[in-house]
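A quick write-up on the structure given underneath.
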Amino acid sequence: MKLKKLTALVLASMMIASTATAVPVSAAEDNEYSVFAILNGEYDLADNLTMQTTLEEAGLKFDFTSVMGADLAEKRNLLLASGDYPEIFMKSGFSMTDLNKYGSQGLFLPLEDLIREHAPNLTKVLDERDAWKYLTSADGHVYSLPEIGRQDGAVTTYWINKRWMDNLGLEEPKNLDELYNVLKAFKEQDANGNGDTDDEIPFTATDVVKPDLLLPYFDINYDYGTKLAVIDDQLTYVPTSDVFKSYIEFLTKLYQEGIMDKNSFTQKHEQQGAIGQAGDVLGSFFDAGAFLTVGRDNDDDYIALTPFTKGTYPLGTAITPGTLVLTDACHNPETIISFFDQFYSEEGGIEAIMGIEGKTWQKTDDDKWEWILGNGYGDDVGTVRSSSTIQGAANHPSIWPNYWYDNMSPEVDPDEVYLNEQRAKMATDGKVPLPVMNYSEEDGLTIATLTADINSYIDQYVAQVATGDLTLDDSWDEYVGTLESMGVGQLMDIYQAAYDAGISAE
7 MKLKKLTALV LASMMIASTA TAVPVSAAED NEYSVFAILN GEYDLADNLT
57 MQTTLEEAGL KFDFTSVMGA DLAEKRNLLL ASGDYPEIFM KSGFSMTDLN
107 KYGSQGLFLP LEDLIREHAP NLTKVLDERD AWKYLTSADG HVYSLPEIGR
157 QDGAVTTYWI NKRWMDNLGL EEPKNLDELY NVLKAFKEQD ANGNGDTDDE
207 IPFTATDVVK PDLLLPYFDI NYDYGTKLAV IDDQLTYVPT SDVFKSYIEF
257 LTKLYQEGIM DKNSFTQKHE QQGAIGQAGD VLGSFFDAGA FLTVGRDNDD
307 DYIALTPFTK GTYPLGTAIT PGTLVLTDAC HNPETIISFF DQFYSEEGGI
357 EAIMGIEGKT WQKTDDDKWE WILGNGYGDD VGTVRSSSTI QGAANHPSIW
407 PNYWYDNMSP EVDPDEVYLN EQRAKMATDG KVPLPVMNYS EEDGLTIATL
457 TADINSYIDQ YVAQVATGDL TLDDSWDEYV GTLESMGVGQ LMDIYQAAYD
507 AGISAE
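The opening position of the sequence shown corresponds to residue 7 in the numbering used here, with each subsequent residue numbered one higher.
Written out as structure tokens, the structure is:
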């Protein structure tokens, strides 16, 4: 797949005088840009097949400084604080709060006009999806390019063992009472069929995927990040609501009857995978994909539990900002916007996500596609994706092409095909819980400070009630009062103002 036509566009863009140049650049350096980026696992974009192929075709050179994911935020922020920062931040994980902060300081270039003038592919997608709002900061500017995907669930998926249900002659539960009965049957009726009625773990959770991921099944369109939902037309902080009280009651019943794993409030997430892959013992759990917990040989035993009520399952926007930022040091920003715009077309999205045809992937006889393994770019799918495609593990500036979803061969990656099917099922009747909610830098810091302690206290309280250290009815009023004293009222004032502004902007 060749994109030679891009070269002419880039060269033309380079002839346009930039008004944002912070550092004088010689003519010989016009096509070279300094870039800060995350490593794709252990692989550097400086050596990445797709990155280097597309840059060479465009006549550009990126001088990469790459860091490990664990060091990303610290080193990124230190660079910005020092004043000696690169022209481009790519795959560097900026949140909207970050973009608001550095954009308002003038360190990041506003991109909305550059996108409309030099990125026709991206402009078309944003217009068609009415998605500009998801990129626009509180000051009205767009400071980053997005990753764009297909819309699916905004919370970690709840997987339930379909093979165990079949073993016991049970149907997929359609409400909480039926879910309880299925999980209870898992515990009492030797669901895995090995003759031991005590080795099944009907329900488990971890320190990363917590039990409150059940809340989307309580008939509210729950926003997991803010813990908000619109209930009876009112923006509601769910942890102080009657819905949350019902959730704790349900969880307590599971725990006290031995249906819920006793380690659910304390175990590390890697322990869940170790248990899931050691034997046929898990009835239900939360994870991004079932194969991550139970392994690739067993993931199709599990289904994503279908939402109980239409319109309540929370969906993401599928628009992730912060994947590419241009600083005020960037010369010829038009060139960079033009270059990355190729990845927002179907053809360019294929290159970004799948790599180079004939080297990392190939078409099959049945109009499907498959990875090429053992061709110098990796002997397994994970290595090929990390070493030779732009996607890697971090959000990246491109669109996920339809070809990826619709034409993937189940022979080469059946787990990915199955996961895509389950995600599509979850998205069918869901919706995005809240409008765009932007915060000032000050409000963003206040939210981060308050929620760190508040969220920890909520988790602690739920565990204390479920395990029997506290009684729900006797402790509920004190719990709500403690949250108020910790600043929930101040938090809700910020959320309400942002919500009202978001509704007005729609």
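Even glycine gets a Cβ: it sits at the ideal position worked out from N, Cα and C.
Per DSSP, Val494 is one residue of the alpha helix (DSSP H) stretching across 494-511. For Lys107, the enclosing alpha helix (DSSP H) begins and ends at 102-110.
The segment 82-96 makes contact with the segment 329-349: 3 or more CB pairs, one atom from each, lie closer than 8 Å. Per the DSSP secondary-structure output, Glu38 pairs in a beta bridge with Lys67.
The count of Cβ pairs closer than 8 Å, one atom from the segment 240-253 and one from the segment 217-229, reaches three, so the stretches are in contact. In terms of Cα proximity to Asp371, the closest of Val471, Asn413, Ser393 is Asn413.
For Lys130, the secondary structure class from DSSP, reduced to helix, strand or coil, is helix.
By the Cβ neighbour-count rule, Asp104 is buried, with 16 or more other Cβ atoms within 10 Å of its own. Around the CB of Glu484, fewer than 16 other CB atoms lie within 10 Å, so the residue is classed as exposed.
Its Cα nearest to that of Tyr350, the residue Leu128 stands out among Leu85, Lys67, Leu128, Glu123.
Under the DSSP definition of a beta bridge, Glu178 lacks any partner. Asp119 sits exposed, since fewer than 16 C-beta atoms from the chains shown fall within 10 Å of its C-beta. Ranked by how close their Cα comes to the Cα of Glu206, the residues Asp334, Ala280, Gly264, Leu132 have Gly264 in first place.
From the listed residues Gly322, Glu512, Trp482, the smallest Cα separation to Pro439 is found for Gly322. Comparing alpha-carbon positions, the option among Ala284, Gly317, Thr318 lying closest to Arg302 turns out to be Ala284. For Pro339, the enclosing alpha helix (DSSP H) has its first and last residue at 339-347.
Residue state for Ala235 is assigned as strand, using DSSP reduced to three classes.
If you draw a straight line from the Cα of Val214 to the Cα of Lys274, it is about 7 Å long.
In the structure shown, Val442 adopts coil according to DSSP, grouped into three states.
When C-alpha distances from Val41 are compared across Phe70, Ser344, Thr60, Tyr49, the shortest belongs to Phe70. Per the Cβ contact rule, the segment 71-84 is not in contact with the segment 419-432 (fewer than 3 Cβ pairs under 8 Å).
Per DSSP, Gly487 is one residue of the alpha helix (DSSP H) stretching across 478-491. Taken atom to atom, the span from the alpha-carbon of Ala504 to that of Glu80 is near 28 Å. Excluding five sequence positions before and after Lys233, the CB atoms of its chain that fall closer than 7 Å to its own CB belong to Tyr243, Val244, Pro245, given in chain order.
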